[in-house]
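Notes to accompany the following structure.
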Amino acid sequence: MKIKKICDHCGLEFIAQTTVTKYCSKTCNSRAYKLNIRELREKLTEATQLVPKTQSKPKEDPNSYFALKTLDYLTIKEAAALLKCDKRTVYRMVKSGSIPAANLSIRKIRLLKKDIDALFEIKPKVDQKPTEDLENLEWTPLKDCFTIGQIQKEYSISETSLKNLIVRHNIPKFQKGKFVYVPRVKIEHILKRIQLGIYSG
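The numbering of the sequence shown is full-length UniProt numbering, which starts it at 1 and goes up by one.
Here it is as structure tokens:
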């Protein structure tokens, strides 16, 4: 059976072998198929553009100023971000005793946030009490005193940090022979607080 039809793609007349034949050749069939696929993709693209895009909530930076302000304890990296300085600067401040720190384990140093804030507090000047009379101090039994070396060894504190601590708290000291002594009652409670990580300067 031969049927005269018009090709759906090129518009030319041709003799079809069946009633459902739409195209005059395989070439027209292939071109029509590709055209349909192209039109379908364009419609999908248009439909996608019409759908309103949902605005994704910006992720909060864990090192942002406001995020760090809510923490009680800070790592070295977080403290550096809060102070806007290099991590090495924070390490130096910890080593010198400017910022008290608790060493939980290797590379696990934690700082109290309030100690960072305290760096910027303007402290009123207080008239210092006169230092104790060295003669009276030297009568303190040596068993009730620390040597400088003993403090450094027992409490793992650097010489610079210890020096700053003694100056900051106006702790009296005296020399007997070749050793410098500090009364235990004047410094032991501060050293224990540092050891427990609760020293606030």
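Don't be surprised by glycine CBs; every beta carbon is placed ideally from N, CA and C.
Give every residue of the same chain whose Cβ lies closer than 6 Å to the Cβ of residue 3, excluding the five residues on either side of it in the sequence, and list them in chain order.
-> 16
Taking the alpha-carbon positions, what's the residue 94 to residue 154 distance?
-> 18 Å
Where does residue 104 sit, in a helix, a strand or coil, going by DSSP?
-> coil
The stretch 140-153 contacting the stretch 105-119, beta-carbon criterion three pairs below 8 Å | no
Cα-Cα separation between residue 120 and residue 189, rounded to whole angstroms = 25 Å
Return yes when the C-beta of residue 111 is under 7 Å from any heavy atom of the ligand COA, and no when it is not.
-> Among the components modelled here there is no ligand, and therefore nothing to report on the ligand COA.
When DSSP builds the beta bridges, which residues end up paired with residue 147?
-> 181
Please report how far the alpha carbon of residue 183 lies from the alpha carbon of residue 172, in whole angstroms.
-> 8 Å
Pairwise C-alpha distance: residue 37 and residue 14 = 25 Å
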